[in-house]
Amino acid sequence: MVLHYTGTLVDGTVFDSSDGRDPLEFVVGSGQIIPGLDVALPGMKAGDKKVVKIACTEAYGPINPAMRQGVPRDVIPEEIPLEVGLQLQMQTPEGQPMPVTVVEIDEAEVTLDANHPLAGKDLTFDFEVVTINPA
109 MVLHYTGTLV
119 DGTVFDSSDG
129 RDPLEFVVGS
139 GQIIPGLDVA
149 LPGMKAGDKK
159 VVKIACTEAY
169 GPINPAMRQG
179 VPRDVIPEEI
189 PLEVGLQLQM
199 QTPEGQPMPV
209 TVVEIDEAEV
219 TLDANHPLAG
229 KDLTFDFEVV
239 TINPA
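For any residue, its number in the numbering used here is found by taking its place in the sequence shown, counting from 1, and adding 108.
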């Protein structure tokens with residue numbers, strides 16, 4: 109399926125859009141998109157438009173407190189200018205890259221959050237189906 113879309117938060121803030129870009133292309137039901145959007149698409153045809161409200165549990169999930177962790181400030185290299193909102197790349201014990209966001213800073217500790225930036229947020233997608241690709 110190929111579609112143009114605009115994703116917004118409950119307050120109307122746009123977090124993603126295909127406006128000015130190529131439309132999004134994916135296979136429906138393949139897990140390439142969030143579950144709440146995947147279930148809204150079957151049966152749609154080229155030219156169809158829809159607005160779908162998706163609860164966080166069907167999007168990027170609820171916020172997982174275990175994904176927030178404090179680390180000693182001195183383990184972060186001095187050349188990194190720490191500020192709340194800064195995105196950093198950490199490594200899992202298996203060596204996989206994991207993006208984290210600085211959410212708190214104090215004299216001794218920096219709190220990092222590995223939750224997806226849209227975790228815990230309900231989303232709205234306004235989309236139009238451009239084409240349906242045969243399976």
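Backbone N, C-alpha and C fix where the C-beta goes; we use that ideal spot for every residue, glycine too.
For P180, the enclosing beta strand (DSSP E) stretches over residues 176-180. Rounded to whole angstroms, A222 and F233 show a C-alpha spacing of 24 Å.
The beta-carbon distance between V192 and E212, rounded to whole angstroms, is 7 Å. This is short enough to meet the 8 Å contact definition.
The three-state reading of DSSP puts V136 in coil, since its state is none of H, G, I, E or B. Secondary-structure assignment with DSSP links I240 through no beta bridge to anything.
Per DSSP, the unbroken beta strand (DSSP E) holding L117 starts and ends at 110-117.
For the pair P207 and Q195, the CB atoms are nearer than the 8 Å cut-off.
Under the three-state reduction of DSSP, T165 is assigned to helix. Nearest C-alpha to L231 among D119, V110, M109: D119.
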